[in-house]
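The sequence shown begins at 4 in the working numbering and counts up one residue at a time. The beta-carbon is built from N, C-alpha and C at its ideal position, and this holds for glycine as well. Structure record follows, encoded as structure tokens.
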Amino acid sequence: MAQSSASPKDFRLWPFVVIAAVVGIAAICFAYTAGWLSPNRLTPKKLVAGLAPPGGPALGHRRNHSKGICFTGTFEANGEGSALSKAPVFVRGQYPIVGRFNLGTPNPNAEDAMVRTRGLGILITTPDGQEWRSAMINAPIFPVSNPQAFYDLLTASASKDPNAMKNFIGANPGFLTFLPWAKSDQWTESYAEEPYNSLNSFLFVDESGTKHPVRWSLIPAAQPVSISPAELGKRGPDYLEQEITQRVAAGPQHWKLMVTVANPGDPTADPNKAWPADRRTIDVGTMTVQQIEPERDGPCRDINYDPTVLPAGITTSDDPFPAARSAAYSRSYNSRTAEEADYPRTATGAKQ
Numbered sequence: 004m005a006q007s008s009a010s011p012k013d014f015r016l017w018p019f020v021v022i023a024a025v026v027g028i029a030a031i032c033f034a035y036t037a038g039w040l041s042p043n044r045l046t047p048k049k050l051v052a053g054l055a056p057p058g059g060p061a062l063g064h065r066r067n068h069s070k071g072i073c074f075t076g077t078f079e080a081n082g083e084g085s086a087l088s089k090a091p092v093f094v095r096g097q098y099p100i101v102g103r104f105n106l107g108t109p110n111p112n113a114e115d116a117m118v119r120t121r122g123l124g125i126l127i128t129t130p131d132g133q134e135w136r137s138a139m140i141n142a143p144i145f146p147v148s149n150p151q152a153f154y155d156l157l158t159a160s161a162s163k164d165p166n167a168m169k170n171f172i173g174a175n176p177g178f179l180t181f182l183p184w185a186k187s188d189q190w191t192e193s194y195a196e197e198p199y200n201s202l203n204s205f206l207f208v209d210e211s212g213t214k215h216p217v218r219w220s221l222i223p224a225a226q227p228v229s230i231s232p233a234e235l236g237k238r239g240p241d242y243l244e245q246e247i248t249q250r251v252a253a254g255p256q257h258w259k260l261m262v263t264v265a266n267p268g269d270p271t272a273d274p275n276k277a278w279p280a281d282r283r284t285i286d287v288g289t290m291t292v293q294q295i296e297p298e299r300d301g302p303c304r305d306i307n308y309d310p311t312v313l314p315a316g317i318t319t320s321d322d323p324f325p326a327a328r329s330a331a332y333s334r335s336y337n338s339r340t341a342e343e344a345d346y347p348r349t350a351t352g353a354k355q
């Protein structure tokens, strides 16, 4: 029987060989994910660059939803969410929120009347240190079905080719279902009067391990008052921030957090498709906005509202957008925080 020629030294080196191999494989996987080995793939760099206006990004600011204002408040869970999710945020109690009202534009100086999409970012923290971050918008559905189509929409919108949008719609007919809302001239006069929708599907995981596909919405207690873009424009370029500051100073504003549960067969991978209106909807608590602060020195300034930062009991679904958004948000965050000199604070404040 032949004897092995391996020495004791060889065996001591073997774990390091294995580690090196694992690291090498991980690096290759990371390179592929980042698009470095396939230049035609959509990457966070390309996606974020596609958001930039013709003159380039506003340095020091978020690359999208750049115009915004901070708020602080609470989420008061009523306990009903615990039937669907073991997340501590649904246990009856009150939890702090740091949030941000915003407009869907890469221009931090945009006039309110020029931007149809309004957004809301929230970070809820529970006593054990777990966080739930979510970024929502007031649209009832998303314009497109997947990240590549979103990038194609950005490209077509910026193109000088007169047929660019026609060709885009031909390849993405679901965009036509978004247009009626986008073209509506009946807007609300306040951030406080808007509903905000997750649009992306997530999974709530209960104590037994059962997964429930869900989407969620924040429904305002304030009654909406319709206003046309023209009338909104007359009230000033920054009216929405001024109005919400005054409104909250006069009294806290409230939203119900409503969770909608999918039926079998409902599309969970496509935020361009709404679920039927008869789906089970559960009121799981109330968000209260108690104080508004300008973003420049506010508590939301340095928060990345990454939708994949989730507590135990909530996880992503087969919807491809949260992962794509997470990667793009990370790149945006790293860029803007490195450009702090271009958006200087007026006071010293702790980062979040």
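Would residue 265 and residue 338 be called neighbours here (beta carbons separated by less than 8 angstroms)?
It is not a contact, given that the beta carbons lie outside the stated cut-off.
Can you tell me whether residue 78 sits near the ligand ATP, meaning its C-beta is under 7 angstroms from at least one heavy atom of the ligand?
Here there are no bound small molecules, and the ligand ATP is not part of this structure.
Taking the alpha helix (DSSP H) that residue 150 belongs to, which residues open and close that run?
150 to 161
With C-beta atoms as the reference, is residue 120 less than 8 angstroms away from residue 106?
Going by C-beta atoms, residue 120 is nearer than 8 angstroms to residue 106.
Could you compute how far the alpha carbon of residue 207 sits from the alpha carbon of residue 58?
42 angstroms
For residue 270, which of helix, strand or coil comes out of DSSP?
coil
Based on Cα-Cα distance, which residue from 136, 162 and 91 lies nearest to residue 103?
136
At least 3 beta-carbon pairs within less than 8 angstroms: the segment 237 to 251 vs the segment 290 to 298:
yes
Going straight from the alpha carbon of residue 322 to that of residue 239, what length do you get?
Looking at the two C-alpha atoms, the distance is approximately 38 angstroms.
With which residues is residue 136 paired in a DSSP beta bridge?
126
Verify whether the separation of the beta carbon atoms of residue 122 and residue 285 is less than 8 angstroms.
no
Contact check, residue 146 vs residue 67, beta carbons under 8 angstroms
no
CA-to-CA distance, residue 171 to residue 165, given in whole angstroms
11 angstroms
First and last residue of the alpha helix (DSSP H) that includes residue 51?
Here the alpha helix (DSSP H) through residue 51 covers 47 to 54.
Run the CB neighbour count on residue 304, radius 10 Å, all protein chains shown included, and call it buried at 16 or more, exposed below.
buried
Rounded straight-line distance, which links the Cα of residue 202 to that of residue 219:
If you draw a straight line from the Cα of residue 219 to the Cα of residue 202, it is about 8 angstroms long.
Leaving out the 5 sequence neighbours to the left and right, which residues in its chain are closer than 6 angstroms to residue 301 when beta-carbon positions are compared?
73
Bridge partners of residue 261, per DSSP?
220 and 286
Since residue 193 and residue 243 are thought to touch, with beta carbons under 8 angstroms apart, how far apart are those beta carbons, to the nearest angstrom?
7 angstroms
Starting from the C-beta of residue 314, find all residues in its chain whose C-beta is less than 8 angstroms away, skip the five residues before and the five after it, and write them out in chain order.
90, 91, 92, 129, 133, 134 and 135
Taking only the alpha-carbon atoms, compute the straight-line gap between residue 291 and residue 261 and give it to the nearest angstrom.
14 angstroms
For residue 232 versus residue 198, is the C-beta distance shorter than 8 angstroms?
no
Can you tell me the Cα-Cα spacing of residue 125 and residue 101, whole angstroms?
6 angstroms
With a CB to CB cut of under 7 angstroms and the five nearest residues on each side skipped, what residues in its chain are close to residue 88?
Same-chain partners within the cutoff: 207, 208, 209, 316 and 317.
Test item: CB-CB of residue 143 and residue 184 under 8 angstroms:
yes
Three-way DSSP call (helix, strand, coil) for residue 327 in this model
helix
Spatially closest choice to residue 191 from 96, 267 and 118, by CA coordinates
118
Which one of 226, 230, 216 and 113 has the shortest CA to CA distance from residue 195?
Of the candidates 226, 230, 216 and 113, the one whose C-alpha sits nearest the C-alpha of residue 195 is 226.
Across the segment 108 to 118 and the segment 326 to 334, are there enough close Cβ pairs to call them in contact, namely three or more that are closer than 8 angstroms?
no
For residue 2, three-class secondary structure by DSSP:
Because the chain is modelled from 4 through 355, residue 2 falls outside the range shown and cannot be assessed.
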